[in-house]
Amino acid sequence: MLSLLIKRIEPLNEEAVADAEVRFAKLTKPPGSLGRLEMAVSQLAGISGQPFPHIREKVIILMAADHGVVVEGVSPYPQAATEQMVYNFLNGGAAINVLARHSGARLIIVDMGIAARPISHRNIVDRRIAQGTNNIARGPAMTSGQAEQAVSAGIEVVEAQIEKGLDIVATGDMGVGNTTSAAAICAAITGENPEQIVDRGSGLDDEGLQRKIASVRRALLTNNPDSSDGLDLLAKIGGYEIAGLAGVILGAAVHRKPILLDGFVSTAAAMIAATFTPRVKPYLIASHRSQSKGHTHMLKWLELTPLVDLDLYLGEGAGAVLIYSLIEAACKLLTEMATVTEAGISQKELEENS
147 MLSLLIKRIE
157 PLNEEAVADA
167 EVRFAKLTKP
177 PGSLGRLEMA
187 VSQLAGISGQ
197 PFPHIREKVI
207 ILMAADHGVV
217 VEGVSPYPQA
227 ATEQMVYNFL
237 NGGAAINVLA
247 RHSGARLIIV
257 DMGIAARPIS
267 HRNIVDRRIA
277 QGTNNIARGP
287 AMTSGQAEQA
297 VSAGIEVVEA
307 QIEKGLDIVA
317 TGDMGVGNTT
327 SAAAICAAIT
337 GENPEQIVDR
347 GSGLDDEGLQ
357 RKIASVRRAL
367 LTNNPDSSDG
377 LDLLAKIGGY
387 EIAGLAGVIL
397 GAAVHRKPIL
407 LDGFVSTAAA
417 MIAATFTPRV
427 KPYLIASHRS
437 QSKGHTHMLK
447 WLELTPLVDL
457 DLYLGEGAGA
467 VLIYSLIEAA
477 CKLLTEMATV
487 TEAGISQKEL
497 EENS
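Using the numbering used here, you'd call the opening residue of the sequence shown number 147 and step up by one each time.
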């Protein structure tokens, strides 16, 4: 099923890209003066096939799951914090809730595999595969079947939102220990030394940092994941929420919807999706550069330049949602600014005075 779906991902519509660029060139401003905003809107045009894209229905898909590697002491927080934070999301008290309300975005919270009993709440989507992954430092995270099930669940979640109306989707994550899994994925795919990728995460001390680096090394040595095989990477060193987000990304690309990536863990999911097929890359927009030093390696491998750098390290999708207003503003600049002809301005004069 995944192979058939991946084949449906099409290249960007170059005609729509060209039309957007032509209009930007005619607006009452010096050529290229809106910088990367122009590039972002042209990308949105190519994704949607609409030369003048509009962003109305904004969605954040936040996937949560637990990781068995926490027993190695890779996080200053107990595993129970994942479930506690999910309840905080459901009660509207987290940063992502505030930012979603501020941006007018729809927040979808998905249980992909929390290490607790299923949460009974009208606002949670239950796609749990198991009660957390196995410890990747001692063996595979999950079975190949579970990895494929998790990716398929992500596809189903995003397609359900597309049916309700979705113009753009942001990726978010929650899971104590998930930066260890993300670091292992980054190291496996890029070939970088774990010491260049692993950092203190949510506040590890020196000893905790060394435990985390050692856990990533052991996970790679023990499992020997195939860096060119997305399912193998997920099964051996992944997480259920990472697999689910990879599915969200693939599903959104199939339906020509832009994906606004958040930070370290979300970008690990994007790397997995790009391992399935590089055709997904033009559909990705990097919202920001995370504090995590490994995030820069990820963005380089994906050939993405983040729109902003705010020293964020929160996860949840917070950085991506912050950029929604920027994306909306850029689209409005294209459609609402006057052209030099409409404004009665000489193009020559404009260029001479710029």
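The C-beta atom is built at its ideal place from N, Cα and C for all residues, glycine as well.
Take PHE235 and list the residues in its own chain whose beta-carbon comes closer than 6 Å to its own, dropping the five residues that flank it on each side.
-> Answer for PHE235: ILE255, listed in chain order.
Look at ALA416 and LEU406 and say whether their C-beta atoms are less than 8 Å apart.
-> With respect to LEU406, ALA416 sits apart: the two C-beta atoms are not nearer than 8 Å.
Secondary structure, alpha helix (DSSP H): runs of 4+ residues fully inside the segment 344–374 | Counting only runs of 4 or more residues that sit fully inside the segment 344–374, the alpha helix (DSSP H) segments are 352–369, in chain order.
contact_flag[the segment 232–247, the segment 292–301] where n(CB pairs < 8 Å) is 3 or more | At 8 Å Cβ cutoff, the stretches do not touch.
Top-ranked residue by Cα proximity to ALA414, from LEU458, ASP319, LEU180, GLN189 | Distances from the alpha-carbon of ALA414 to those of LEU458, ASP319, LEU180, GLN189 put ASP319 closest.
CB-CB under 6 Å to GLN307, same chain, minus the five flanking residues each way: which ones, in chain order?
-> Answer for GLN307: VAL205, listed in chain order.
Roughly how many angstroms separate the alpha carbons of GLU353 and PRO224, rounded to a whole number?
-> Each residue's alpha carbon lies about 17 Å from the other.
Specify the secondary structure class of LYS204 as computed by DSSP and reduced to three states.
-> Note: LYS204 maps to strand in three-state DSSP.
Smallest Cα separation from VAL297: which of GLN189, ASP345, PHE422, ALA191?
-> Out of GLN189, ASP345, PHE422, ALA191, PHE422 has the C-alpha closest to the C-alpha of VAL297.
Of all the options SER374, ALA328, ILE260, ASP375, which has the alpha carbon lying nearest to the alpha carbon of ILE359?
-> It is ALA328 whose Cα lies nearest to the Cα of ILE359.
For the 8 Å Cβ check, are there 3 or more pairs between the segment 390–409 and the segment 195–210?
-> When C-beta atoms of the segment 390–409 are compared with those of the segment 195–210, three or more pairs fall below 8 Å, so the two segments count as touching.
Do you know offhand how far ARG182's Cα is from VAL426's?
-> Cα to Cα, ARG182 sits roughly 20 Å from VAL426.
Could I get the ranges of all uninterrupted alpha helix (DSSP H) runs contained in the segment 412–484, with 4 residues as the minimum, in chain order?
-> The qualifying runs are 439–448, 464–468, 470–482.
So VAL232 and ILE275 are in contact, right, with Cβ under 8 Å, and what is the actual spacing, rounded?
-> The Cβ separation is near 16 Å, so there is no contact.
How about GLU218 and ALA283: do their beta carbons lie closer than 8 Å?
-> Closer than 8 Å, so yes.
Since ASP272 sits in a beta bridge, which residues does DSSP pair it with?
-> Residue pairing by DSSP places ASP272 opposite ASP257 in a beta bridge.
Name the DSSP bridge partner or partners of MET320?
-> For MET320, which the question treats as bridged, DSSP gives the partners ALA210.
Are the CB atoms of VAL536 and ARG154 nearer to each other than 8 Å?
-> This structure leaves residue 536 out entirely; the chain is present only between 147 and 500.
Count the other C-beta atoms from every protein chain shown that fall within 10 angstroms of the C-beta of ARG273, then say buried if there are 16 or more, exposed otherwise.
-> By the Cβ neighbour-count rule, ARG273 is buried, with 16 or more other Cβ atoms within 10 Å of its own.
Consult DSSP for LEU406 and reduce its assignment to one of helix, strand or coil.
-> Reduced to three states, the DSSP call for LEU406 is strand.
On the DSSP bridge assignment, give the partners of ILE314 in chain order.
-> DSSP lists LYS204 as the bridge partner or partners of ILE314.
Compare the beta carbon distance of LEU355 and ARG346 with 8 Å and say whether it is the shorter of the two.
-> ARG346 is positioned such that its CB atom lies closer than 8 Å to that of LEU355.
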